[in-house]
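Participant:
Numbering (mature numbering (1 follows the signal peptide of the UniProt record, and there is no 0)), first residue to last: -16 to -1, 1 to 264.
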């Protein structure tokens, strides 16, 4: 179980807030709760946001009481956050970055932060560094590496698994397994899980960055990018796209749309990030 659920519940109780809990995650029930209880903040996980923003019933419910959105748990497209911010008229979005082993929240953005790509700044008593994956040396601003965290809320060990504990801890820091970087003003950005990186042409490609680019296209409803074997490059990126318009499989229109998206990526990224249409 993720610790975030406990953090949300007890965080609200500690501040004396009214908390509305639903027995199941259903958009209709959420909208009904908004209409009945008039909450000021919504807490939704990233993969649910796109479905929520596009739901036809959303336009028929008074959501003016909702001024803030909190989300976290996985990477979220900035284009989705922009759309839901405009549709609901939000005053701010709070993104939370954390993991159960570190006692939940590591970093978070504030409603005033206008960069939807950022995971925010470290929380109180939290120390974050970015290290080079192989040399393990600390990196400077804008340099991509593994995010490592030291926190008083960090776990002691995995139960009956000293090997996993030793692999997770490094000089007092917990290895998150996330690829990211930070800016001079202390904002952190999470790019991908290290294990999800695509090894193409001796370069590391983050699927999440390609997903972010493709999801910004108005014709794309949802997208996921994965690595597939390639005879020359080792691996290559392949995108699986859900279009907003219904396209007949195998039709010329579908082929043109696929090529248009490949051209979009090719025009805005390096050669190793180009989408593959090689069939195994």
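Built from N, CA and C at the ideal position, the CB exists for glycine as well.
Could you say which of 233, 258, 239 lies nearest to residue 217 if we only look at CA atoms?
Facilitator: 258
Participant: Restricting to Cα atoms, I'd like to know which of 212, 260, 125 is closest to residue 173.
Facilitator: It is 125 whose Cα lies nearest to the Cα of residue 173.
Participant: I need the DSSP call for residue 22, collapsed to helix, strand or coil.
Facilitator: The DSSP-derived three-state label of residue 22 is coil.
Participant: With three or more beta-carbon pairs closer than 8 Å as the criterion, would you say the region 32 to 51 touches the region 180 to 198?
Facilitator: With the cut-off at 8 Å, the region 32 to 51 and the region 180 to 198 do not touch.
Participant: Between the C-alpha atoms of residue 199 and residue 33, what's the straight-line distance to the nearest angstrom?
Facilitator: 13 Å
Participant: Is it buried or exposed, residue 213, if we count other Cβ atoms within 10 angstroms and call 16 or more buried?
Facilitator: Looking at its Cβ environment, which holds fewer than 16 other Cβ atoms inside 10 Å, residue 213 is exposed.
Participant: Assuming contact is defined by CB atoms lying nearer than 8 Å, are residue 115 and residue 122 in contact in what I supplied?
Facilitator: When the beta-carbon positions are compared, residue 115 and residue 122 come within less than 8 Å of each other.
Participant: Residue range of the beta strand (DSSP E) that residue 214 falls in?
Facilitator: 204 to 214
Participant: For residue 32, is the beta carbon positioned less than 7 Å from some heavy atom of the ligand GTP?
Facilitator: Within the structure as shown, the ligand GTP is missing, as the structure has no ligands at all.
Participant: For a test of the three-state rule: what should DSSP assign to residue 148, helix, strand or coil?
Facilitator: helix
Participant: Let me know the beta strand (DSSP E) ranges lying completely inside the region 154 to 195, each 3 residues or longer, listed in chain order.
Facilitator: 157 to 166, 172 to 177, 182 to 184, 187 to 189
Participant: Mapping DSSP to helix, strand and coil, what is residue 74?
Facilitator: coil
Participant: How many angstroms separate the CA atom of residue 264 from the CA atom of residue 221?
Facilitator: For residue 264, the predicted model reports a pLDDT of 38, less than 50, meaning its position is unreliable; a value from the coordinates is still stated below. Computed Cα separation, rounded: 13 Å.
Participant: For a quick check, are the C-beta atoms of residue 152 and residue 85 less than 8 Å apart?
Facilitator: yes
Participant: Excluding the 5 residues flanking residue 127 on each side, which residues of the same chain have their C-beta closer than 7 Å to its C-beta?
Facilitator: 114, 165
Participant: Taking C-alpha atoms, which residue in 260, 196, 91, 210 lies nearest to residue 59?
Facilitator: The residue with the shortest Cα to Cα distance from residue 59 is 196.
Participant: Would you identify the three-state DSSP class for residue 62, choosing helix, strand or coil?
Facilitator: helix
Participant: Taking 8 Å as the limit between beta carbons, can you name the residues of its chain near residue 143, skipping five residues before and five after?
Facilitator: none
Participant: Answer with buried or exposed for residue 130, where buried requires no fewer than 16 other C-beta atoms within 10 angstroms of its C-beta.
Facilitator: Residue burial annotation: residue 130 is buried, with at least 16 other C-beta atoms found within 10 angstroms of its C-beta.
Participant: Should residue 107 go down as buried or exposed, given a rule of 16 or more other Cβ atoms within 10 Å for buried?
Facilitator: buried
Participant: Measure the alpha-carbon distance for residue -1 versus residue 80 and round it to whole angstroms.
Facilitator: 21 Å
Participant: With a 10 Å radius around its C-beta and 16 neighbouring C-beta atoms as the bar for buried, classify residue 160 as buried or exposed.
Facilitator: buried
Participant: Would you tell me roughly how many angstroms separate the C-alpha atoms of residue 11 and residue -8, rounded to the nearest one?
Facilitator: 20 Å
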